[in-house]
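Asker:
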Amino acid sequence: MVTLEVGEFSYPVEIAPTLIAARETLTAVAVDLAAESPVLALKAVLFSILVYAMLWRPQAPKKAVYRTVPASYHEVVNRLHQRLRGTLYAIYVLQAATAFGTFVVAWVVFWLLGYQGAFALAVVAGILQFVPVIGPSVVVLTIAVADIINGNITGAVLVTVFGLVFVGFLPDAVIRPKLARYTTGLPASLYFVGFTGGVLTLGVIGFIAGPVVIALLVELSSLLTSERQGDQQRLT
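Residue numbers for the sequence shown follow the numbering used here, beginning at 26 and rising by one.
1) With the cut-off set at 7 Å, would you say W132 and A121 are in Cβ contact?
2) Tell me the rounded alpha-carbon separation between V102 and V224.
3) Decide yes or no for the touch test of the region 108-126 against the region 231-241: beta carbon pairs closer than 8 Å, at least 3 of them.
4) What number of angstroms, rounded off, separates the C-alpha of P63 from the C-alpha of A55?
5) According to DSSP, is Y140 part of a helix, a strand, or is it coil?
6) Sorted by chain position, which residues of the same chain lie with C-beta nearer than 8 Å to I233's C-beta, five sequence neighbours on each side aside?
7) Using beta carbons (cut-off 7 Å, strictly below), is V164 in contact with chain C?
8) Is it true that the CB of P161 sits closer than 7 Å to the CB of T127?
9) Around the C-beta of T185, are 16 or more other C-beta atoms found within 10 angstroms, so that it is buried, or is it exposed?
10) When the Cα of T43 is compared with those of L248, L119, L153 and I174, which residue comes out closest?
11) How would you label V27, buried or exposed, when you count the other beta carbons within 10 angstroms and need 16 or more for buried?
12) What residue does the alpha helix (DSSP H) around I168 start on, and which one ends it?
13) Please name the residue, chosen from I168, V192, R48 and G228, that lies closest to G152 on a Cα-to-Cα basis.
14) From this set, L204, L105, L51 and A46, which residue's C-alpha is nearest S246's C-alpha?
15) Evaluate Q154 with the Cβ neighbour count: other Cβ atoms within 10 Å of its Cβ, from every protein chain shown; 16 or more gives buried, anything less gives exposed.
16) Suppose you measure from the CA of V156 to the CA of E39; what does that come to, to the nearest Å?
17) Using a 10 Å radius around the Cβ and a threshold of 16 neighbouring Cβ atoms, would you call E244 buried or exposed?
18) Run through the region 201-228 for me and flag every whole alpha helix (DSSP H) of 4 or more residues, listed as ranges in chain order.
19) Keeping to the same chain, check which residues put their C-beta closer than 7 Å to that of L195; ignore five residues upstream and five downstream.
20) Terminal residues of the continuous alpha helix (DSSP H) containing V76?
21) Evaluate F72 with the Cβ neighbour count: other Cβ atoms within 10 Å of its Cβ, from every protein chain shown; 16 or more gives buried, anything less gives exposed.
22) Need the endpoints of the alpha helix (DSSP H) that F187 sits in, please.
23) In whole angstroms, what is the alpha-carbon distance linking V165 and T179?
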């Protein structure tokens with residue numbers, strides 16, 4: 026039993042059902058992981074083979090694409106390749122910058138709220154920024170649950186409100202759109218559509234695949250526009 030005190034009132038809470046539910050949830054997750062282990066192992070093997078092949082013959086994909094595509098479209102392939110490479114580099118830089126901003130903001134918030142180990146909690150929040158969907162909000166909610174168990178209702182409310190706003194939301198809402206325009210070469214609105222749509226449709230891999238698809242569509246649109254303008258100039 027855990028007693029929650031609010032002002033002059035106290036409420037006893039039985040935590041046994043919560044522990045039983047958590048144990049059942051962990052058991053179900055473990056069973057699902059065991060069932061998916063053959064598929065996960067096969068994916069790991071295929072990934073290892075792909076990485077080894079790329080390290081062994083890094084120019085092979087380029088040669089294969091050039092042999093497949095007519096020579097007159099090699100410039101299109103080069104443009105798409107440059108856009109893809111720049112977008113991938115930009116995504117990683119953008120993610121690192123957002124994670125660092127999350128770390129700084131989380132450190133300040135946890136320190137102001139008086140939590141011991143604020144630096145370590147901020148480091149965990151910054152690392153979780155690299156995990157889409159989950160993100161640093163897990164740290165905030167975990168701290169809030171710990172405060173509730175310890176009877177610190179005020180602290181739980183404060184860390185939930187300020188943590189979700191300044192740690193879980195603010196870095197993604199401010200840092201990512203501001204830097205997206207300079208790193209990816211895309212407007213903040215298009216990057217947001219690609220990032221959000223990719224995560225919602227493809228899951229974790231969508232935070233990379235979504236912006237990449239948007240960037241390639243923008244590049245194809247630019248190529249088609251340039252070709253049409255060239256055709257109109259030749260006709261005139």
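Ideal Cβ positions, reconstructed from N, Cα and C, are used throughout, including at glycine. All values reported here derive from a predicted model rather than from experimental measurement.
Answerer: For this structure:
1) no
2) 27 Å
3) yes
4) 14 Å
5) coil
6) L113, I116 and G223
7) Protein chains in the displayed structure number just one, and chain C is not present.
8) yes
9) buried
10) I174
11) exposed
12) S162 to I174
13) The amino acid occupying residue 152 in the given sequence is Ile; Gly does not appear at that position. Out of I168, V192, R48 and G228, V192 has the C-alpha closest to the C-alpha of I152.
14) L105
15) buried
16) 33 Å
17) buried
18) 213-227
19) V130
20) A41 to W81
21) exposed
22) I178 to F187
23) 14 Å
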